[in-house]
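Visitor:
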Amino acid sequence: LSQLPGWSVRPDGSIVIATGNDDALGLYRCTPYNSYGTAGESRPTRVLLKDPPAFTVRPKEEYFQEVGRELVIPCAAQGDPPPTITWVKVGSMGKSSAQVDGNSSLILHPLIKEQHGVWECTATNQVASVTTATSIHVLGTSPHAVTNVSVLPLLLAANISWEPGFDGGYFQRFSVWYTPLVRYPPRAHHDWVSLSVPAGAQHLLVENLQPDTSYQFSVLAQNKLGSGPFSQIVTSVPRGFPVTTVPPEPPAMTVHVFLSPPRALTANETVRGVLLRWDPPARASVALSGYALELRQDKGGWEVLERSIPGTDTQVLVPGLIKDAFYEFRLVAFAGSYISDPSNTVNVSTAGMEVYPSRTQLPELLPQPVLAGVIGGICFLSVAVIFSTMAACIMNRRRAARVRKRRQDTPLVFSP
162 LSQLPGWSVR
172 PDGSIVIATG
182 NDDALGLYRC
192 TPYNSYGTAG
202 ESRPTRVLLK
212 DPPAFTVRPK
222 EEYFQEVGRE
232 LVIPCAAQGD
242 PPPTITWVKV
252 GSMGKSSAQV
262 DGNSSLILHP
272 LIKEQHGVWE
282 CTATNQVASV
292 TTATSIHVLG
302 TSPHAVTNVS
312 VLPLLLAANI
322 SWEPGFDGGY
332 FQRFSVWYTP
342 LVRYPPRAHH
352 DWVSLSVPAG
362 AQHLLVENLQ
372 PDTSYQFSVL
382 AQNKLGSGPF
392 SQIVTSVPRG
402 FPVTTVPPEP
412 PAMTVHVFLS
422 PPRALTANET
432 VRGVLLRWDP
442 PARASVALSG
452 YALELRQDKG
462 GWEVLERSIP
472 GTDTQVLVPG
482 LIKDAFYEFR
492 LVAFAGSYIS
502 DPSNTVNVST
512 AGMEVYPSRT
522 QLPELLPQPV
532 LAGVIGGICF
542 LSVAVIFSTM
552 AACIMNRRRA
562 ARVRKRRQDT
572 PLVFSP
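Numbering (our numbering), first residue to last: 162 to 577.
The following block contains the structure:
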């Protein structure tokens with residue numbers, strides 16, 4: 162081994178080859194021995210040289226494409242043995258709707274908003290794995306949610322800053338939404354106040370806040386196609402005036418949200434509709450006061466379907482869904498003046514499902530003014546028929562009385 166540079170033997174008998182080359186190819190046997198001799202050599206083992214994957218075609222750093230169009234991104238590699246090519250979206254929680262053709266190219270058709278982001282192409286064989294990345298920008302969509310929202314508590318104010326998300330290919334504006342967390346709100350659900358952000362700004366000073374009161378803050382992005390999703394809610398407490406001459410307290414730290422979202426939301430088809438079940442929030446600072454059920458149809462905007470589900474319930478029946486449609490449901494919990502983040506989202510497809518109309522949808526079939534007019538017309542016709550019948554009866558009785566009187570007054574005539 163001394164004649165081969167980079168070759169050595171460890172104390173445990175292992176052989177180390179620092180640089181693999183053609184000199185390392187071949188069969189190897191190990192013979193253990195001591196002062197009494199040896200029991201023989203080991204079974205032979207063969208050393209083979211394999212090549213790790215190497216990219217022959219790399220994707221570009223960025224791709225821009227309109228939503229709904231097709232996007233094909235090439236990626237190819239070679240090695241010994243030939244590597245396997247896989248594509249994955251960075252940060253994706255589940256399987257994406259992407260396809261890979263025979264040339265290992267990524268095919269996105271039709272391109273959707275959720276496919277915006279960083280994608281990685283990985284080549285793997287028995288020797289090693291290598292990865293390259295590219296960024297996909299989906300144009301013609303509503304904005305993406307802002308990130309890294311932070312709140313700096315000030316004297317009777319708070320400074321909110323954030324990092325914008327992708328604008329969808331259009332100019333976007335921002336608005337800051339906030340609400341106080343009071344222990345005894347005047348209404349069941351507190352209202353959010355929105356403030357417009359000057360164009361191009363990524364921060365906003367919210368003034369005239371109550372001291373020593375917790376506030377929730379969120380940021381919303383909008384462009385000409387609509388609104389993106391709200392950012393994550395951040396809770397903070399503005400500072401009040403110092404009441405003594407001692408040094409002021411350090412800025413209040415951001416407090417944690419007191420209510421976790423509902424858990425394990427599931428959906429099951431029944432003969433009466435779709436039955437949603439869930440587990441209560443794992444952590445709540447006060448007793449639950451209720452839930453609000455939100456839905457959206459065919460990837461549209463979120464809408465509130467039911468806002469007064471009792472806090473003791475863990476299931477709700479949803480009738481009246483449109484047939485051959487795709488729905489998404491999620492829950493929000495309320496506990497006192499606190500509001501939770503949304504629960505996990507469940508998907509429901511009504512393709513082939515027996516759908517029964519909801520009772521709550523009946524008023525929508527006929528507007529209230531029209532319905533009132535129809536009922537009033539029916540009542541008026543009924544009264545008119547009754548009065549007409551009574552008048553006819555009275556006239557018939559009077560006519561019969563006149564005929565009888567006329568007969569009684571007629572003189573008798575006798576012939577000689």
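For each residue, glycine too, the CB sits at the ideal point set by N, CA and C.
Here the structure is a predicted model, which means the values were calculated and not measured.
In angstroms, rounded to a whole number, what distance separates the CA positions of Ser501 and Asp262?
Guide: Counted from its first residue, the sequence shown places residue 501 at position 340. Counted from its first residue, the sequence shown places residue 262 at position 101. Rounded to whole angstroms, Ser501 to Asp262 spans 43 Å at the Cα level.
Visitor: For the region 349-368 against the region 483-492, do three or more pairs of beta-carbon atoms, one drawn from each stretch, fall closer than 8 Å, so that the two count as touching?
Guide: Touching, no, given that fewer than three Cβ pairs across the two stretches are closer than 8 Å.
Visitor: Starting from Leu605, follow the beta strand (DSSP E) in both directions and report where the run begins and ends.
Guide: For residue 605 there is no data in the structure shown, the boundaries of the chain being 162 and 577.
Visitor: Any idea which residues DSSP pairs Asn195 with across the strands?
Guide: In the sequence shown, the residue the question calls residue 195 occupies position 34. Per DSSP, Gly198.
Visitor: Would you say Val251 and Ala237 are within 7 Å of each other, going by their C-beta atoms?
Guide: Residue 251 sits at position 90 when you count from the first residue of the sequence shown. Residue 237 sits at position 76 when you count from the first residue of the sequence shown. Not in contact: Val251 and Ala237 (Cβ atoms no closer than 7 Å).
Visitor: Quick one: what's got a C-beta closer than 6 Å to Phe495's C-beta in the same chain, skipping five residues either side?
Guide: Within the sequence shown, residue 495 is the residue found at index 334, counting from 1. Here the set comprises Ser450, Gly451.
Visitor: Below 6 Å CB to CB, which residues in the same chain sit around Pro341 once its five sequence neighbours on both sides are set aside?
Guide: Taking the first residue of the sequence shown as 1, we reach residue 341 at position 180. Cβ within range, chain order: Thr374, Tyr376.
Visitor: Along the chain, where does the beta strand (DSSP E) that runs through Cys236 open and close?
Guide: In the sequence shown, counting from the first residue as 1, residue 236 sits at position 75. Segment: none, Cys236 is in no beta strand (DSSP E) and carries neither H nor E.
Visitor: Please classify Ile555: does DSSP put it in a helix, a strand, or coil?
Guide: Counting from one through the sequence shown, the residue named residue 555 turns up at place 394. Helix.
Visitor: Three Cβ pairs or more, each shorter than 8 Å: is that satisfied between the region 304-311 and the region 210-228?
Guide: Not touching, per the Cβ criterion.
Visitor: What does the alpha-carbon distance come out to for the pair Val418 and Ile394?
Guide: By 1-based counting over the sequence shown, the position of residue 418 is 257. By 1-based counting over the sequence shown, the position of residue 394 is 233. Residue placement at Val418 is poorly supported in this model, since its pLDDT is 49, which falls under 50; the coordinates still yield a value, given next. Taking the straight line joining both Cα atoms gives about 9 Å.
Visitor: Kindly identify the DSSP beta-bridge partner or partners of Tyr189.
Guide: Taking the sequence shown and counting its residues from 1, the one referred to as residue 189 is at position 28. Answer is Thr206.
Visitor: Based on the DSSP output, what are the partners of Val177 in its beta bridges?
Guide: The residue given as residue 177 occupies position 16 in the sequence shown. Paired residues: Ser169.
Visitor: Quick one: complete beta strand (DSSP E) runs, 3+ long, within the region 325-383?
Guide: The qualifying runs are 334-341, 354-357, 364-367.
Visitor: Return the chain-ordered list of same chain residues with a C-beta closer than 8 Å to the C-beta of Glu324, the five sequence neighbours on each side being excluded.
Guide: In the sequence shown, the residue the question calls residue 324 occupies position 163. Cβ within range, chain order: Val307, Thr308, Asn309, Gln363.
Visitor: So Asp440 and Thr475 are supposed to be a Cβ contact under 8 Å. How far apart are they, rounded?
Guide: Here residue 440 corresponds to residue number 279 of the sequence shown, with the count starting at 1. Here residue 475 corresponds to residue number 314 of the sequence shown, with the count starting at 1. Their Cβ separation, rounded to whole angstroms, is 7 Å, which keeps Asp440 and Thr475 in contact under 8 Å.
Visitor: I'd like the ranges of any beta strand (DSSP E) spanning at least 3 consecutive residues and lying wholly in the region 257-316.
Guide: Runs found: 267-269, 278-285, 290-300, 308-315.
Visitor: Looking only at C-alpha atoms, which of Ala318, His298, Val380 sits nearest to Trp338?
Guide: Numbered from its first residue, the sequence shown carries residue 338 at position 177. If we check each option's Cα against that of Trp338, Val380 comes out closest.
Visitor: Give me the residue from Arg457, Ile178, Val479 with the minimum Cα distance to Arg433.
Guide: Reading the sequence shown from its first residue, position 272 is the one you call residue 433. Arg433 has its Cα closest to that of Val479, out of Arg457, Ile178, Val479.
Visitor: Roughly how many angstroms lie between the CA atoms of Thr192 and Gln276, to the nearest whole one?
Guide: Along the sequence shown, one-based indexing puts residue 192 at 31. Along the sequence shown, one-based indexing puts residue 276 at 115. Spanning the two alpha carbons is a distance of roughly 58 Å.
Visitor: Between the Cα of Gly278 and the Cα atoms of Glu223, Val312, Val509, Ser290, which residue gives the shortest distance?
Guide: The residue you call residue 278 lines up with position 117 of the sequence shown. Checked all of Glu223, Val312, Val509, Ser290; the closest Cα to Gly278 is Glu223.
Visitor: Within 10 Å of its beta-carbon, does Pro577 have 16 or more other beta-carbons around it, so buried, or fewer, so exposed?
Guide: Reading the sequence shown from its first residue, position 416 is the one you call residue 577. Unreliable positioning characterises Pro577 in this predicted model, as indicated by a pLDDT of 44, which lies under 50. The coordinate reading is nonetheless provided below. Label assigned to Pro577: exposed.
Visitor: Based on Cα-Cα distance, which residue from Gln287, Pro271, Gly462 lies nearest to Pro244?
Guide: Counting from one through the sequence shown, the residue named residue 244 turns up at place 83. Cα-wise, what sits closest to Pro244 is Gln287.
Visitor: With distances taken Cα to Cα, identify the nearest neighbour of Phe490 among Pro503, Tyr499, Gly497.
Guide: The count along the sequence shown starts at 1 and reaches residue 490 at position 329. The option with the nearest alpha carbon to Phe490 is Pro503.
Visitor: Measuring alpha carbon to alpha carbon, tell me which residue in Thr550, Asp212, Gly174, Met551 is nearest Glu202.
Guide: In the sequence shown, residue 202 corresponds to position 41, counting from 1. Answer by Cα proximity: Gly174.
Visitor: Cα-Cα, which of Glu281, Ile555, Gln164 is closest to Lys221?
Guide: On the sequence shown, residue 221 is found 60 positions in, with the first residue counted as 1. It is Glu281.
Visitor: Just curious, the beta strand (DSSP E) that Pro214 is in, first and last residue?
Guide: Looking up residue 214 in the sequence shown gives position 53. First-last of the beta strand (DSSP E) with Pro214: 212-218.
Visitor: Buried or exposed for Asp184, please, with buried defined as at least 16 other CB atoms from any protein chain shown within 10 angstroms of its CB.
Guide: The residue labelled residue 184 in the question sits at position 23 within the sequence shown. Exposed, since its Cβ has fewer than 16 Cβ neighbours within 10 Å.
Visitor: Would you tell me roughly how many angstroms separate the C-alpha atoms of Val398 and Pro314, rounded to the nearest one?
Guide: Here residue 398 refers to the residue found at position 237 when the sequence shown is read from its first residue. Here residue 314 refers to the residue found at position 153 when the sequence shown is read from its first residue. Distance between the alpha carbons of Val398 and Pro314 is about 6 Å.
Visitor: I'd like the span of the beta strand (DSSP E) that includes Ala453, first residue to last.
Guide: In the sequence shown, the residue the question calls residue 453 occupies position 292. 451-458 is the span of the beta strand (DSSP E), which, as asked, contains Ala453.
Visitor: Would Val509 pass as a contact of Ala428 if the rule is Cβ separation under 7 Å?
Guide: In the sequence shown, residue 509 corresponds to position 348, counting from 1. In the sequence shown, residue 428 corresponds to position 267, counting from 1. It is a contact, given that the beta carbons lie within the stated cut-off.
Visitor: Look at the Cβ atom of Arg207, then the Cβ atom of Leu188, and state whether they are nearer than 7 Å.
Guide: Residue 207 sits at position 46 when you count from the first residue of the sequence shown. Residue 188 sits at position 27 when you count from the first residue of the sequence shown. In contact: Arg207 and Leu188 (Cβ atoms closer than 7 Å).
Visitor: Which residue comes first and which comes last in the beta strand (DSSP E) that contains Val228?
Guide: Here the question's residue 228 lines up with position 67 in the sequence shown. Counting along the chain, Val228 falls outside any beta strand (DSSP E), and DSSP gives it neither H nor E.
Visitor: Sort Met556, Gly462, Val477, Gly461 by Cα distance to Arg468 and report the nearest one.
Guide: Taking the sequence shown and counting its residues from 1, one reaches residue 468 at position 307. That would be Val477, whose Cα lies nearest to the Cα of Arg468.
Visitor: Is Ser163 buried or exposed, if buried means 16 or more other CB atoms sit within 10 Å of its CB?
Guide: What you label residue 163 is simply residue 2 of the sequence shown in a count that begins at 1. Exposed is the call here.
Visitor: If you run the structure through DSSP and keep just helix, strand and coil, what is Ser510?
Guide: The sequence position of residue 510 within the sequence shown is 349, counting from 1. Ser510: strand per DSSP, three-state reduction.
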